[in-house]
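Using this note's numbering, read the sequence shown as starting at 68 and increasing by one per residue.
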Amino acid sequence: MPEHVDDWGLAAATGQCRACGSSAGQRAFWPEVYARSGQTLTRCGHCATVYLAPGFSEAGLVRFYTGPYRRLFPAEVPWRSTVRFFAWRGDRDVARQRFSLIGANLPPQAHLFEMGSGFGAFLGQAAQQRSDLQLSASEPDRAQRHALLGQAEVRFIDSLAALPERSLDGVVAFHVLEHLIEPLGFLQQAAMALRDGGRLWVEVPDLMSDWQTRLFVHPAHLSYFCADSLRRLAEAAGLQVEYCGVHPLKALEGTLWLEALRPATPMCQPVAPATKQVVDAIDQWISRVGWGPKDRLKALLKTMAIRVLGPGLVGEWQRWRQHRRHRDEPAPR
């Protein structure tokens, strides 16, 4: 859907990969069409990370999330009933499932940090299930970050870099890495902040999932990872990868799950190059997605619906569809 982009604050184009900094073999595929931001989907020939170029400046990123983001993604904004909003989104249920993958690996009185805690559902569930945990987080949306915390006591800070080295037992980042201007920088900060043996858990959309439309790509997601590129990025940050692949939770199909730990002596290094097979597979996967009349009509209808009905009602309809789909799914055996 179109959105005015003149004041977004896009950074100057550099021709370099956002993840590894290489300028070798950068392949441009097609312009971003969800918001017509002027960005182009690009694949790095060195590390095979896929990204939108140009990215945002720091100030531009702040402006994007305080303005255009809420208009472009109405399903993310509460409308009328916050009770219904969270019930249909299923935040608490997903948070419980996520913590089930993490809790057993946290020692007693562990210090757990969440990057981009959103409405606070995960931290709320973590506190409910483990009252011994020390919780901290970084979340710029001050108006909404307490919505689902419940009784959890959370120390909010500006960024992970504000914490002392070797002060954390765990770091989580759910659907955050793809939003960051410097994803490798965040992973390096996590490695520094973790104690020896401390763990990092990351969840991102899977570039190699079965997406069928170019609307999958949009300005909020600056980077797109496959399991191979995500693993190599974490290793470059000095982390020891325990698992990187398809998400173990059925509710989060189409996403990747990374679990990594800090070794006794983390060694940052350049991002290792991708193999030709990985680069070719990514190119073929992206090239299969067209932009025909049906796709254009779908985008136009959504734009018209928001203009006529307003973003609140459209977002409510989107959440209801998601809720109905999950409700009708057969329970796991």
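We put the beta carbon where it would ideally sit given N, CA and C, even for glycine.
Length of the line joining the Cα atoms of residue i and residue j
| i | j | result |
| --- | --- | --- |
| Val-243 | Glu-270 | 8 Å |
| Met-68 | Leu-368 | Low local confidence applies: a pLDDT of 44 at Met-68 is under 50, so the model's placement there is unreliable, with the coordinate-based value given in what follows. Their backbone Cα atoms lie some 9 Å apart in a straight line. |
| Ala-142 | Ala-188 | 17 Å |
| His-390 | Glu-320 | 15 Å |
| Val-100 | Arg-85 | 20 Å |
| Gln-336 | Gly-305 | 7 Å |
| Ile-169 | Glu-309 | 13 Å |
| Ala-366 | Arg-130 | 24 Å |
| Gln-176 | Ser-89 | 41 Å |
| Gln-83 | Leu-325 | 25 Å |
| Ser-205 | Leu-119 | 24 Å |
| His-213 | Arg-159 | 13 Å |
| Arg-400 | Gln-256 | Low confidence applies to Arg-400: its pLDDT is 44, below 50, so where it sits in the model is not reliable, and the reading given next is rough at best. When rounded, the distance between both Cα atoms is 40 Å. |
Collapsed DSSP secondary structure at residue i in the structure displayed
| i | result |
| --- | --- |
| Asp-225 | coil |
| Ala-156 | Contrary to the premise, residue 156 reads as Arg rather than Ala in this sequence. Residue state, collapsed to three classes: helix. |
| Leu-261 | strand |
| Asp-295 | helix |
| Ser-90 | coil |
| Tyr-101 | coil |
| Arg-384 | The question names Arg, but residue 384 is Trp in the sequence shown. If DSSP states are grouped into helix, strand and coil, Trp-384 belongs with the helices. |
| Val-345 | helix |
| His-390 | helix |
| His-246 | helix |
| Phe-283 | helix |
| Arg-400 | Note on Arg-400: pLDDT 44, under 50, position unreliable in the model; the coordinate value appears next. Arg-400 falls in the coil class under three-state DSSP. |
| Met-68 | With a pLDDT of 44 at Met-68, under the threshold of 50, the modelled position of that residue is not reliable, and no figure is offered here. |
| Thr-109 | strand |
| Ala-240 | strand |
| Phe-166 | helix |
| Gly-76 | coil |
| Arg-355 | coil |
| Ala-95 | strand |
Residue i vs residue j beta-carbon contact at 9 Å
| i | j | result |
| --- | --- | --- |
| Leu-128 | Gly-105 | no |
| Leu-240 | Arg-329 | In the sequence on display, residue 240 carries Ala and not Leu. Going by C-beta atoms, Ala-240 is not nearer than 9 Å to Arg-329. |
| Ser-226 | Ala-115 | no |
| Asp-273 | Ala-294 | yes |
| Arg-266 | Val-238 | yes |
| Arg-94 | Asp-350 | yes |
| Pro-145 | Gln-211 | yes |
| Leu-316 | Arg-165 | yes |
| Ala-331 | Asp-263 | yes |
| Val-338 | Leu-300 | yes |
| Thr-200 | Arg-233 | Here residue 200 is Leu; the residue named in the question, Thr, does not match the sequence. Contact flag unset, no. |
| Leu-215 | Ala-154 | no |
Beta bridge counterpart(s) of residue i as assigned by DSSP
| i | result |
| --- | --- |
| Ser-290 | Tyr-118 |
| Asp-273 | Phe-292 |
| Gln-307 | Leu-328 |
| Gln-195 | According to DSSP, which records beta bridges pairwise, Gln-195 is partnered with nothing at all. |
| Val-313 | Leu-323 |
| Glu-181 | Ala-204, Val-239 |
is_contact[residue i, chain D] using C-beta, thresh 9 Å
| i | result |
| --- | --- |
| Met-259 | Judged by its chain identifiers, the structure shown contains no chain D, having just a single protein chain. |
Examine the Cβ distances between the stretch 333-343 and the stretch 192-210 and report whether three or more of them are shorter than 8 Å. In this structure the stretch 333-343 does not lie against the stretch 192-210, because fewer than three pairs of beta carbons, one per stretch, are closer than 8 Å.
For the structure I just gave you, are there three or more beta carbon pairs, one from the stretch 117-124 and one from the stretch 285-292, closer than 8 Å? Counting Cβ pairs under 8 Å, three or more are found: they touch.
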